[in-house]
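Each residue of the sequence shown is one higher than the one before, starting from 10 at the first, in our numbering.
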Amino acid sequence: MGAIVYENMSNDDYHNHKGSTSRSGIVEFMKSPAHYWNAYHNPKAPEKITTDAMAFGSAFHTIVLEPDKFDKEYAIIPEIDRRTKAGKETYQIFQETHHGKTMITKNQFDTLLAMQQSVYKHSQAWELISNARYENSIFWNDQDTGLGLKTRPDCWHANMTVDLKTISSADPRTFQNAMVAHGYHLQAAFNREGIRAATGNDIINHVFVCVEKTFPFLVAVYILDETALESAHSTLRRVLAEMKNCYETDIWPGHETQTLGLPNWAVNL
Numbered sequence: 010m011g012a013i014v015y016e017n018m019s020n021d022d023y024h025n026h027k028g029s030t031s032r033s034g035i036v037e038f039m040k041s042p043a044h045y046w047n048a049y050h051n052p053k054a055p056e057k058i059t060t061d062a063m064a065f066g067s068a069f070h071t072i073v074l075e076p077d078k079f080d081k082e083y084a085i086i087p088e089i090d091r092r093t094k095a096g097k098e099t100y101q102i103f104q105e106t107h108h109g110k111t112m113i114t115k116n117q118f119d120t121l122l123a124m125q126q127s128v129y130k131h132s133q134a135w136e137l138i139s140n141a142r143y144e145n146s147i148f149w150n151d152q153d154t155g156l157g158l159k160t161r162p163d164c165w166h167a168n169m170t171v172d173l174k175t176i177s178s179a180d181p182r183t184f185q186n187a188m189v190a191h192g193y194h195l196q197a198a199f200n201r202e203g204i205r206a207a208t209g210n211d212i213i214n215h216v217f218v219c220v221e222k223t224f225p226f227l228v229a230v231y232i233l234d235e236t237a238l239e240s241a242h243s244t245l246r247r248v249l250a251e252m253k254n255c256y257e258t259d260i261w262p263g264h265e266t267q268t269l270g271l272p273n274w275a276v277n278l
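So this is what it looks like as structure tokens:
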């Protein structure tokens with residue numbers, strides 16, 4: 010089978026693991042090989058910064074899927090006036106007490122709780138995330154190219170993986186556009202190949218549980234159809250072959266010179 014599964018690897022350790030490509034790396038390569046090389050191999054690249062949106066998304070995954078870990082990894086910033094001497098001292102003690110934890114505001118925590126309850130109260134979403142393996146990290150070498158790959162399914166069932174997403178609007182068209190723009194569907198291909206390498210079992214379905222980040226925090230469940238799954242696998246195979254060639258030649262091209270016209274919708278403006 011030739012894959013390693015870590016059940017308790019931290020999110021940071023997973024993302025900082027060198028030598029393995031994830032869905033994010035594939036999406037970066039699809040911009041151009043130069044984007045990928047500069048993001049993952051350029052020693053002069055600026056240090057990657059965790060944005061507020063990234064931190065919020067990670068906190069949401071924890072509070073929904075692994076709530077027992079939340080207090081160990083996150084701390085709620087006290088509502089104090091840090092302009093005063095007493096406020097500064099109180100905040101310094103708070104920071105020292107919770108060193109190493111991710112800090113979130115009281116408003117963010119309240120939003121996270123409301124989103125969590127929306128998922129728990131949504132019968133289908135609750136069923137999809139219950140009794141699963143959560144945030145397992147899988148590492149393997151691709152059979153065709155030999156490249157190191159990795160994936161971290163949010164929820165791993167016997168024949169299905171579930172991806173938990175926070176989104177501004179969970180209506181079908183908005184999420185569909187986001188899925189294409191960010192390559193969310195490629196996660197299904199990574200999960201399927203990683204789990205097959207680890208267990209020999211095949212994942213049949215990939216499901217998204219989408220939760221809106223603003224009131225009333227509506228939940229939507231979307232099952233990736235067979236056409237999207239096939240497209241994801243086809244894209245993954247093509248990009249990995251191109252990536253292998255770049256590693257072998259050490260040539261990482263950027264944008265190609267080409268002739269551009271107007272998009273169809275703008276021709277008659």
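Where is the CB? At the ideal position from N, CA and C, for every residue including glycine.
- A residue is called buried once 16 or more other Cβ atoms fall within 10 Å of its Cβ, and D151 is buried on that count.
- By the neighbour-count criterion, in which 16 or more other beta carbons inside 10 Å mark a residue as buried, H215 falls on the buried side.
- The straight-line gap separating the alpha-carbon atoms of N47 and R161 is approximately 23 Å.
- With fewer than 16 other CB atoms across the displayed protein chains lying within 10 angstroms of its CB, E98 is exposed.
- In the structure shown, R91 adopts coil according to DSSP, grouped into three states.
- In this structure, H242 and A198 form a Cβ contact; the two beta carbons are roughly 5 Å apart against a cut-off of 8 Å.
- Contact annotation: S29 and L158 have beta-carbon atoms nearer than 8 Å.
- In this structure, the straight-line span from the alpha carbon of V248 to that of H44 is close to 14 Å.
- The three-state secondary structure of K222, taken from DSSP, is coil.
- According to DSSP, M169 shares a beta bridge with N214.
- According to DSSP, residue pairing for C164 in a beta bridge involves Y143 and V171.
- Comparing alpha carbon positions, the residue from W274, A190, D172 and I260 closest to V228 is D172.
- Rounded to whole angstroms, the gap between the alpha carbons of H70 and C164 is 10 Å.
- Two segments are said to touch when three or more pairs of C-beta atoms, one from each, lie closer than 8 Å; by this definition the stretch 231-245 touches the stretch 178-196.
- Of P42, T266 and Y143, the smallest CA-CA separation from C255 is found for P42.
- For M63, the enclosing alpha helix (DSSP H) covers residues D61 to L74.
- Judged by beta-carbon spacing, H107 lies beyond the 8 Å limit of A141, meaning their Cβ atoms are not closer than that value.
- The three-state reading of DSSP puts W274 in helix, counting H, G and I together.
- Scanning its chain for C-beta atoms nearer than 7 Å, with the 5 sequence neighbours on each side dropped, one finds around M18 the residues S146, in chain order.
- The three-state reading of DSSP puts L249 in helix, counting H, G and I together.
- Remark: three or more beta-carbon pairs, one from each stretch, lie closer than 8 Å, so the stretch 113-120 and the stretch 79-93 are flagged as touching.
- A Cβ-Cβ contact shorter than 8 Å links G34 with Y49.
- DSSP, read as helix, strand or coil, puts T111 in strand.
- Contact check for I213 against N200 fails: the beta carbons are separated by 8 Å or more.
- When C-alpha distances from K40 are compared across E265, G270 and L271, the shortest belongs to E265.
- Per DSSP, the unbroken beta strand (DSSP E) holding Y15 starts and ends at A12 to Y15.
- When the five nearest sequence neighbours on each side are left out, the beta carbons in the same chain lying within less than 6 Å of the beta carbon of A64 are those of T111, in order along the chain.
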